[in-house]
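In the working numbering, the protein residues as written are 49 to 173.
Every residue gets a Cβ at the ideal spot worked out from N, C-alpha and C, and that includes glycine.
Working notes for the structure below.
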Ligand SMILES: [Cu+2]
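Here is the structure:
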């Protein structure tokens, strides 16, 4: 009986931790990593990241392809959009392309998409 009870408690604890993970979908977030153009990074075009890809990334982002940040720890990619009322992310982030930065903002996640409405970007020197 004791055994069954502890098994039930364990299952409940697991269920709670899983639903807690599902709910980490919105809120303040800080991401450290490289500013990338998501299209080239995803397709692997010309390496898709780093200094060798800087010129391509700038051209792509200037041309309107989505800009994002590649989390250096997890490898997760966040699409960057402007915070409410701010100007377009693409133009504002051009000077940070292929640089190592810290991006702060609000995260929204759904269906595999990660959207970061950024409030600040700082280059790490
Ligand atoms: Cu590119």
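Measuring alpha carbon to alpha carbon, tell me which residue in the options is nearest residue i.
| i | options | result |
| --- | --- | --- |
| residue 96 | 117, 139, 133 | 117 |
| residue 83 | 91, 135, 125 | 125 |
| residue 77 | 167, 172, 173 | 167 |
| residue 123 | 159, 89, 171 | 89 |
| residue 129 | 111, 151, 143 | 151 |
| residue 102 | 114, 143, 170 | 143 |
| residue 110 | 132, 136, 170 | 136 |
| residue 132 | 162, 91, 153 | 153 |
Assign residue i to one of three DSSP states: helix, strand, or coil.
| i | result |
| --- | --- |
| residue 106 | helix |
| residue 164 | strand |
| residue 152 | strand |
| residue 159 | coil |
| residue 100 | helix |
| residue 141 | helix |
| residue 75 | strand |
For residue i versus residue j, is the C-beta distance shorter than 9 Å?
| i | j | result |
| --- | --- | --- |
| residue 164 | residue 74 | no |
| residue 86 | residue 146 | no |
| residue 81 | residue 149 | yes |
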